[in-house]
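Participant:
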Amino acid sequence: MNKQWTAVIRPRNSLLDLRLKEVWRYRDLVRLFVVRDFKTKYKQTVLGPLWFIIQPLFTTVIYNFVFGNIAGLSTDGMPGFLFYMAGNVPWLYFSTCITNTSNTFVSNAAVFGKVYFPRLTTPIATTITAIINFVIQFAMFLIFWVYFFINGAAIHINWVAALTPAFIIQMAILGLGFGIIISSLTTKYRDLQVLVSFGISLWMYATPVIFASSSLSDKTFNLLMLNPMSPIIEMMRYGWLGTGRISFIFWGISWITTFFVLFIGIIMFNKVEKTFMDTV
2 MNKQWTAVIR
12 PRNSLLDLRL
22 KEVWRYRDLV
32 RLFVVRDFKT
42 KYKQTVLGPL
52 WFIIQPLFTT
62 VIYNFVFGNI
72 AGLSTDGMPG
82 FLFYMAGNVP
92 WLYFSTCITN
102 TSNTFVSNAA
112 VFGKVYFPRL
122 TTPIATTITA
132 IINFVIQFAM
142 FLIFWVYFFI
152 NGAAIHINWV
162 AALTPAFIIQ
172 MAILGLGFGI
182 IISSLTTKYR
192 DLQVLVSFGI
202 SLWMYATPVI
212 FASSSLSDKT
222 FNLLMLNPMS
232 PIIEMMRYGW
242 LGTGRISFIF
252 WGISWITTFF
262 VLFIGIIMFN
272 KVEKTFMDTV
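Below you can see the structure in the form of structure tokens.
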């Protein structure tokens, strides 16, 4: 009797055999993973999804007290709380994308070892879940934005704010790229799991999250903008608050870096998934 198979699993013959169409066919599975990740993260917590709001709120208060009141860093005339939140919310989103996707192979080893599906669906689902969290946190930022605007803060929103969806997509792609690179490496080098959170913390200080770029010299500013996250946060802050300096040239370089990181990440991910069960 002839059997018509709906799918045939074949080994990858090339590192460039990415099979992205296969990931698209499993988009319903991505949706199920998103629901799973969203529900299980705070399933047994007292406050539940309220942690989405508490985390950036508490962190912003700390930044405002330490870097604003004690260190006296410039906020370009903006209310310190709003200035730090404008940088903290997107940074938390980006760092969450990296941290959560960096554990893809280790945290899903039990599932990967039992059934076949495109492994890339799990980090993609994790990134989408982070977008949901970001939307909630960004809505909170908008509430404070309206409050300070009504109370006479020198806020100057401009057309760059309309690029916010592009910034969100870019941060997702960049976080996914770095996350799957780290995930691929941690299957063999577990020490990287310990270094991820530490490295992200150091990375933040090389990004204009807690300081105003206007306080930097042109040379330092240009060097800082080579960090792919710096143009994104700087342009978001400029669009919504009207402070800082922007450069579409550096944003273009940031996009090139973003796609390069994602491309390298997918290649490494596909290579490691063949043998990761032997090392995890």
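Each number in our numbering corresponds to the 1-based position in the sequence shown with 1 added. Backbone N, C-alpha and C fix where the C-beta goes; we use that ideal spot for every residue, glycine too.
1. If you pair each beta-carbon of the region 124 to 144 with each one of the region 229 to 239, do three or more pairs fall below 8 Å?
2. List the endpoints of the continuous alpha helix (DSSP H) containing W256.
3. Can you tell me which of E274, K40, G266 puts its alpha carbon nearest to the alpha carbon of L177?
4. In terms of alpha-carbon separation, which member of P91, Y27, N70, W52 lies closest to P166?
5. Is Y64 closer than 8 Å to I211 when the C-beta atoms are compared?
6. Quick one, which of F270, T258, I201, Q194 has its alpha-carbon nearest N104's?
7. Is DSSP giving I132 helix, strand or coil here?
8. Just to confirm, is the Cβ distance from L30 to F118 under 8 Å?
9. Counting only the same chain and skipping the five closest in sequence on each side, list residues whose C-beta sits under 7 Å from that of D38.
10. Check for me: the alpha helix (DSSP H) holding F212 runs from which residue to which?
11. Is the beta carbon of I234 less than 8 Å from the beta carbon of G88?
12. For the putative contact between T122 and I181, defined by C-beta atoms under 8 Å, what is the C-beta separation to the nearest angstrom?
13. Just verifying my parser: in three-state terms, what is the DSSP assignment at M2?
14. Note the first and the last residue of the continuous alpha helix (DSSP H) segment covering D282.
15. Use the C-beta contact count for F179: other C-beta atoms within 10 angstroms, 16 or more gives buried, fewer gives exposed.
16. Excluding the 5 residues preceding and the 5 following M2 in the sequence, name in chain order all residues of the same chain whose CB lies nearer than 8 Å to its CB.
17. Alpha carbons only, please: which of I174, I158, I54, R26 is nearest the one belonging to W241?
18. Exposed or buried, F199, counting other C-beta atoms within 10 Å across all chains shown (16 or more means buried)?
19. Quick one: residues in its chain with C-beta nearer than 8 Å to the C-beta of W256, no 5 flanking neighbours on either side, listed in chain order?
20. In angstroms with no decimal places, state the Cα-to-Cα distance between I268 and L203.
21. If you count every other CB in all the chains shown that lies within 10 Å of the CB of T208, and 16 or more means buried, which is it?
22. Considering only residues of the same chain and omitting the five flanking positions on each side of T259, which have a CB-CB separation below 8 Å?
23. Kindly provide the ranges of any alpha helix (DSSP H) runs that are 4 or more residues long and lie completely inside the region 58 to 103, ordered along the chain.
24. Going by the beta-carbon positions, is the gap between G245 and S216 smaller than 8 Å?
25. Which whole-angstrom value is the C-beta distance of M226 and F261, which I expect to be below 8 Å?
26. Have a look at R120, L196, F149 and flag the residue whose alpha-carbon is nearest the alpha-carbon of K272.
27. Mapping DSSP to helix, strand and coil, what is F199?
28. Kindly list the residues whose CB is nearer than 6 Å to the CB of D77, restricted to its own chain and excluding five residues on each side of it in sequence; keep chain order.
29. Quick one: complete alpha helix (DSSP H) runs, 4+ long, within the region 112 to 176?
Facilitator: So, from the data block:
1. no
2. Against the sequence shown, residue 256 aligns to sequence position 255. W256 -> alpha helix (DSSP H) spans 249 to 273.
3. Within the sequence shown, the letter at position 176 stands for residue 177. Checking every option, the nearest Cα to that of L177 belongs to G266.
4. Walking along the sequence shown from the start, residue 166 turns up at place 165. Closest option to P166, Cα to Cα, is P91.
5. Along the sequence shown, read from residue 1 onward, the residue named residue 211 stands at position 210. Along the sequence shown, read from residue 1 onward, the residue named residue 64 stands at position 63. Going by C-beta atoms, I211 is nearer than 8 Å to Y64.
6. Mapped onto the sequence shown, residue 104 falls at position 103. Cα-wise, what sits closest to N104 is Q194.
7. Within the sequence shown, numbered from 1, the residue matching residue 132 stands at position 131. Look at I132 here: in three-state DSSP terms it is helix.
8. What you label residue 30 is simply residue 29 of the sequence shown in a count that begins at 1. What you label residue 118 is simply residue 117 of the sequence shown in a count that begins at 1. Yes. Within cutoff.
9. Looking up residue 38 in the sequence shown gives position 37. Cβ-Cβ distances below 7 Å link D38 to A126, T127, T130 in the same chain, with the five nearest sequence neighbours on each side left out; the list follows chain order.
10. For the purposes of this step, residue 212 is taken as the residue at position 211 of the sequence shown. First-last for F212: undefined, no H or E at that position.
11. Translated into positions along the sequence shown, residue 234 becomes position 233. Translated into positions along the sequence shown, residue 88 becomes position 87. Their beta carbons are under 8 Å apart, which means I234 touches G88 by this criterion.
12. As a first step, residue 122 must be located in the sequence shown, where it is residue number 121. As a first step, residue 181 must be located in the sequence shown, where it is residue number 180. About 12 Å separates the two Cβ atoms, so there is no contact after all.
13. Residue 2 sits at position 1 when you count from the first residue of the sequence shown. In this predicted model, M2 has a pLDDT of only 48, less than 50, meaning its place in the structure is not dependable; the value taken from the coordinates is given anyway. Coil at M2, not helix or strand.
14. Only positions 2 to 281 of the chain appear in this structure, which leaves residue 282 out of reach.
15. In the sequence shown, counting from the first residue as 1, residue 179 sits at position 178. F179 should be labelled buried.
16. Numbered from 1 along the sequence shown, position 1 holds the residue referred to as residue 2. Low confidence applies here, because M2 scores a pLDDT of 48, under 50, leaving its location unreliable and the question unanswered by this model.
17. Here residue 241 refers to the residue found at position 240 when the sequence shown is read from its first residue. Considering only alpha carbons, the answer is I158.
18. Position 198 of the sequence shown, counting from 1, holds the residue named residue 199. Exposed.
19. By one-based count along the sequence shown, residue 256 stands at place 255. Sequence-distant Cβ neighbours of W256 in its own chain, meaning closer than 8 Å and more than five residues away, are Q171.
20. Counting from 1 along the sequence shown, the entry for residue 268 is found at position 267. Counting from 1 along the sequence shown, the entry for residue 203 is found at position 202. Straight-line Cα distance between these residues: approximately 27 Å.
21. Residue numbering aside, residue 208 sits at position 207 when the sequence shown is read from its first letter. Per the 10 Å Cβ criterion, buried.
22. On the sequence shown, residue 259 is found 258 positions in, with the first residue counted as 1. Counting only Cβ-Cβ distances below 8 Å, and skipping sequence neighbours, we find Q171, I174, L175, G178, P229.
23. 81 to 102
24. Sequence index remark: in the sequence shown, residue 245 carries index 244 (1-based). Sequence index remark: in the sequence shown, residue 216 carries index 215 (1-based). Not in contact: G245 and S216 (Cβ atoms no closer than 8 Å).
25. Here residue 226 is taken as the residue at index 225 of the sequence shown, counted from 1. Here residue 261 is taken as the residue at index 260 of the sequence shown, counted from 1. So it is not a contact: roughly 17 Å between Cβ atoms.
26. Walking along the sequence shown from the start, residue 272 turns up at place 271. Checking every option, the nearest Cα to that of K272 belongs to R120.
27. By one-based count along the sequence shown, residue 199 stands at place 198. F199 falls in the helix class under three-state DSSP.
28. In the sequence shown, residue 77 corresponds to position 76, counting from 1. Closer than 6 Å at the Cβ level, and outside the excluded window around D77, lie A213, S215, T244.
29. Counting whole runs of 4 or more residues, the region 112 to 176 contains the alpha helix (DSSP H) stretches 122 to 151.
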